[in-house]
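Residue numbers (this note's numbering): 212 to 357.
Even for Gly, the Cβ is constructed at its ideal location relative to N, Cα and C.
Here the structure is a predicted model, which means the values were calculated and not measured.
A quick write-up on the structure given underneath.
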């Protein structure tokens, strides 16, 4: 299997997402989108053991913003529930200069019953401790078949 793995660390939480497609770069004025196989995972802080989080989404896509555009006020959106480089909607929705500015949640309908992590006021799982957060570290790994 080939693809990209995004590993995010925030305090004691370690989690991320896998996408089977590479990133399509857009020109400055557009957003590049691709449909991909994807899933999320938790390595620490949410379950007793590392856990793959499969969930059915109508749209399993990745959006990458051009330098003059944004993908839902972010530089990148993974599956509509993880945004990297999240900007402030109150200031024209511009993306953040720092990719570690994130927004993340997974609907409580999609989470395994063994989830023990933080939930927001709607009961949705927030793997970074809240919907919007500044990650301590983001690592991107490229998986290649041998």
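#1: Going along the chain, which unbroken runs of the beta strand (DSSP E) with 3 or more residues stay wholly within the stretch 310–344?
#2: Where does residue 258 fall in DSSP's three states?
#3: Output needed for residue 355: all residues of its chain with C-beta closer than 8 Å, excluding positions within five of it in sequence on either side, in chain order.
#4: So if DSSP puts residue 215 in a beta bridge, which residue, or which two residues, is it bridged to?
#5: Cβ-heavy atom distance between residue 271 and the ligand HEM below 7 Å?
#6: Which word fits residue 217, buried or exposed, when buried means at least 16 other C-beta atoms lie within 10 angstroms of its C-beta?
#7: Within 10 angstroms of the Cβ of residue 302, are there 16 or more other Cβ atoms? Answer buried if so, exposed if not.
#8: So what does residue 295 bridge to, in DSSP terms?
#9: Can you give me the C-alpha to C-alpha distance between residue 251 and residue 227, rounded to a whole angstrom?
#10: Assuming residue 360 and residue 311 are in contact, meaning their beta carbons sit under 8 Å apart, how far apart are those beta carbons, in whole angstroms?
For this structure:
#1: 312–315
#2: Within the chain shown, the letter at position 47 stands for residue 258. Residue 258 falls in the coil class under three-state DSSP.
#3: Residue 355 sits at position 144 when you count from the first residue of the chain shown. Result list for residue 355: 213, in chain order.
#4: To locate residue 215, count along the chain shown from 1; it is residue 4. Residue 215 pairs with 230 and 353.
#5: The ligand HEM is absent from the structure shown, which contains no ligands of any kind.
#6: Looking up residue 217 in the chain shown gives position 6. Per the 10 Å Cβ criterion, buried.
#7: Working through the chain shown from its first residue, we reach residue 302 at position 91. With a pLDDT of 44 at residue 302, under the threshold of 50, the modelled position of that residue is not reliable, and no figure is offered here.
#8: The residue given as residue 295 occupies position 84 in the chain shown. Residue 295 pairs with 287 and 313.
#9: Here the question's residue 251 lines up with position 40 in the chain shown. Here the question's residue 227 lines up with position 16 in the chain shown. Distance between the alpha carbons of residue 251 and residue 227: 6 Å.
#10: A query on residue 360 cannot be resolved here, the shown segment of the chain reaching from 212 to 357 and no further.
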